Amino acid sequence: TEQAQIRNFSIIAHIDHGKSTLADRMLQATGVVAPRDMRAQYLDRMDIERERGITIKSQAVRMPWAAAGADGVTRAYALNMIDTPGHVDFSYEVNRSLAACEGAVLLVDAAQGIQAQTLANLYMAMEGDLTIIPVLNKIDLPSAEPDRHAAEIASLIGCEPEEVLRVSGKTGVGVPELLDRIVAAVPPPSGDPEGAARAMIFDSVYDVYRGVVTYVRVVDGALNQRERIKMVSTGAVHDLLEIGVISPEPVPTRGLRAGEVGYLITGVKDVRQSKVGDTVTSALAPATEPLSGYQDPKPMVFSGLFPVDGSDFPALRDALDKLKLNDAALTYEPETSVALGFGFRCGYLGLLHLEIIRERLEREFNLDIISTAPSVIYEVTMEDRSVHTVTNPSEFPEGKVRDVQEPVVRATILTPSEYIGAIMELCQSRRGNMLGMDYLSETRVEMRYQLPLAEIVFDFFDALKSRTRGYASLDYEPDGTQSADLTKVDILLNGEKVDAFSAIVHKDSAQSYGQKMTRRLKELIPRQQFEVPVQAAVGSRIIARETIRALRKDMLAKCYGGDITRKRKLLEKQKEGKKRMKAVGRVEVPQEAFIAVLGAD
Ligand code: GDP
Ligand code: MG
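Per the working numbering, the sequence shown starts with residue 65, numbered consecutively.
Encoded structure:
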């Protein structure tokens, strides 16, 4: 396709505002998917995406569309729709996807109005100078308030309320008009078609049959079939086995030219060799400058993963190796715990990322796993000036601490104005600092806070939702670190430290954390032959204590005497129970107790 007839766009939307459904209608309207092949959420290929209804990996689809240009002449255009993940954990990928586009459709549920997450992505698109096409979706809903929300959007992006398109992904109404608007409003790509080849990687996916499939947007020059390509960041050279476009299945082509979007297959087996954000060039006549600064996405949240059955350790390692092929942001290294045995300390982009990995390990690899409480990265400076990076609370250094740095985030919360008070209270209780507040309309407010990441990774989102009856939305981005008065709380069973239960908490909440954990463990651990103290300690100071009383003699006596079959049954039962016990010192702790303590709050 001629560069002038290409339009690259993505859709920015809050989860559930209808992006996947609208994409389905576009595939149909442009004839890319025949009616009989149509299935809901066509582009969300991974099972887990379809079940959870979220898009994890971005996709790129090419759709033909005939429309009249400014001169009134109808021409054939190629529209490339680049899908972006909608969740805050994946904002790094959103950024890359937007960088591959000249335009963005801002899709807003006409019954809900714009949400904080959408706002963050919208600002990202505006910073990248993308043309914004505002669209209200779900106008078929009886609860839709298109006039009200059109006014809100218009004041936000500085356009007239009449310019906000109205569509329904469900009925398809307004979809052809939206495609026409994309052709008319979004500028064609502006790269240099004669320059040295430069293509930006905006996604990279491991496929069992084909190896790594890399999605690129060619900015300058061209990449041709069967040539050798080079990764600018590493200098690595690969043979190009296949190049093509997705429409909606992969179709090999002879090459991709400036402005075009498509895929590459090189036979590499590891997505780390084909990183999102990197620049691909031709090995023969390479470009020297990469397209834009390349940064690895950094893990923000850490937790230990342990197989429930210790003999599954090699299987867990295998599974993590496989998942890593598809997920450059996942990190892991072996870890040993006194309480839980051999496992891995894993790093994630955020809590959703953690949940997805855990769910995939259980579902796709049939592994039973325990994950320890999530932790952030702390930088601990000791009196002797040595500096320790701590991602595992049990590794918090002993001795005199001079300073602890914890990561902080800048959070944006959008809410109906009646919940301002409740939100201020919540943020204060989480050590938040208010940065500012703006009214988007008479009834909707944007609140900005600086908050410690550790205070929001656990249950902040749930607390926010329950205090605002689900109406508030949240987004956050890393904002450096701050000095904080933090301390490690250890939990001791019969005088022995249980590493999996150590936590780093603010000094003010050490006491309540200690009480909560000791109380819970007392409930969960069965009585032993002897009395077992359960203690919480800061350093050598005990801050909370519970006692598991010893079994009474007469209860033991019940096991003896009686008929022989009953005795054998009892013994067998005991043996089975033993298998699932972990010994902490002399104390036998059922596996379930570890799981329950680390589980819900
Ligand atoms: P996504 O999370 O943004 O991809 O949203 P989906 O496309 O998965 O849609 C979320 C929910 O809204 C689904 O239950 C859809 O059936 C529904 N939905 C999407 N578009 C419309 C629409 O135009 N009208 C109505 N009534 N429902 C819609
Ligand atoms: Mg979706």
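No residue lacks a Cβ here, since even glycine has one placed at the ideal position from N, Cα and C. What you are looking at is a predicted structure, and each value in this text was computed from that prediction instead of being measured.
Item, Value
"Excluding the 5 residues flanking Pro251 on each side, which residues of the same chain have their C-beta closer than 8 Å to its C-beta?", "Glu166, Gly167, Thr195"
"Cβ-heavy atom distance between Lys666 and the ligand GDP below 7 Å?", "This structure does not reach residue 666, given that the chain is present from 65 up to 665, and the question cannot be answered."
"How would you label Ala140, buried or exposed, when you count the other beta carbons within 10 angstroms and need 16 or more for buried?", "exposed"
"What residue range does the alpha helix (DSSP H) around Thr507 cover?", "Counting along the chain, Thr507 falls outside any alpha helix (DSSP H), and DSSP gives it neither H nor E."
"May I ask you to report which of helix, strand or coil DSSP gives Phe524?", "helix"
"Quick one: any contact between the stretch 433–440 and the stretch 524–531, if contact means 3 or more CB pairs under 8 Å?", "no"
"Using a Cβ-Cβ cutoff of less than 6 Å, which residues in the same chain neighbour Arg512 once the five nearest sequence positions on both sides are dropped?", "Thr476, Leu499, Gly500"
"Buried or exposed for Glu324, please, with buried defined as at least 16 other CB atoms from any protein chain shown within 10 angstroms of its CB.", "buried"
"Can you list, in chain order, the residues of its chain whose CB lies under 6 Å from that of Thr65, leaving out five sequence neighbours each side?", "Ala142"
"Taking the C-alpha atoms as reference points, what is the distance between Ser394 and Ala657?", "Sequence check: residue 394 is Leu here, not Ser. In a straight line, the C-alpha of Leu394 is about 28 Å away from that of Ala657."
"With DSSP as the reference, please indicate the residues paired to Gln514 in a beta bridge.", "Arg474, Asn497"
"Would Pro314 pass as a contact of Ile307 if the rule is Cβ separation under 8 Å?", "no"
"Would Ala77 and Thr182 qualify as a contact pair, given that the criterion is a beta-carbon distance under 8 Å?", "yes"
"Among residues of its own chain, excluding the 5 on either side of Met295, which ones have a beta-carbon nearer than 6 Å to its beta-carbon?", "Asp342"
"Compare the C-alpha of Gln469 against each of Phe429, Val569, Tyr396 and name the closest.", "Val569"
"For the ligand GDP, I want to know if Leu107 counts as a neighbour, meaning its beta carbon is within less than 7 Å of at least one of the ligand's heavy atoms.", "no"
"My assumption, with CB atoms under 8 Å, is that Val280 sits in contact with Lys333. Please give the rounded CB distance.", "The Cβ separation is near 19 Å, so there is no contact."
"Give the single residue among Ile217, Val648, Arg212, Gly534 whose Cα lies nearest to the Cα of Val199.", "Ile217"
"Beta-carbon within less than 7 Å of Pro350's beta-carbon, same chain only, minus the 5 sequence neighbours each way: which residues are those?", "Ala260, Lys294"
"Would you list the residues sitting across from Pro316 in a DSSP beta bridge?", "Gly308"
"In the DSSP assignment, find the unbroken alpha helix (DSSP H) run with Ser338 in it and report its ends.", "No alpha helix (DSSP H) contains Ser338, which DSSP labels as neither H nor E."
"So, helix, strand or coil for Val247, using DSSP?", "helix"
"Just checking, does the stretch 503–519 make contact with the stretch 560–567 on the three C-beta pairs under 8 Å criterion?", "no"
"Please name the residue, chosen from Arg290, Asn456, Pro312, that lies closest to Val365 on a Cα-to-Cα basis.", "Asn456"
"Over the uninterrupted beta strand (DSSP E) stretch that includes Asp211, give me the two end residues.", "Per DSSP, Asp211 belongs to no beta strand (DSSP E); it is in the alpha helix (DSSP H), 210–221."
"Classify Gly82 as helix, strand or coil using the three-state DSSP reduction.", "coil"
"Taking the continuous alpha helix (DSSP H) assigned at Gly414, which residues delimit it?", "Run containing Gly414: none; DSSP gives neither H nor E here."
"Leaving out five residues before and five after Glu258 in sequence, what residues of the same chain have Cβ atoms less than 6 Å from its Cβ?", "none"
"Which of the three DSSP states, helix, strand or coil, is assigned to Asn185?", "helix"
"So, Thr667 versus Val472, is the Cβ gap smaller than 8 Å?", "An answer regarding residue 667 cannot be provided, because it is not within the stretch 65 to 665 covered by the chain."
"Go ahead and pull the three-state DSSP assignment for Glu541.", "strand"
"What are the residues that DSSP puts in a beta bridge with Thr611?", "Pro597"
"Name the residue from Cys410, Met145, Gly407 whose alpha carbon lies nearest to the alpha carbon of Pro128.", "Met145"
"At a cut of 8 Å, does the stretch 74–88 reach the stretch 171–179 through at least three beta carbon pairs?", "yes"
"Just to confirm before moving on: does the CB-CB distance between Leu220 and Ala174 stay below 8 Å?", "no"
"Verify the contact flag: Gly82, CB atom, against every heavy atom of the ligand GDP, threshold strictly below 7 Å.", "yes"
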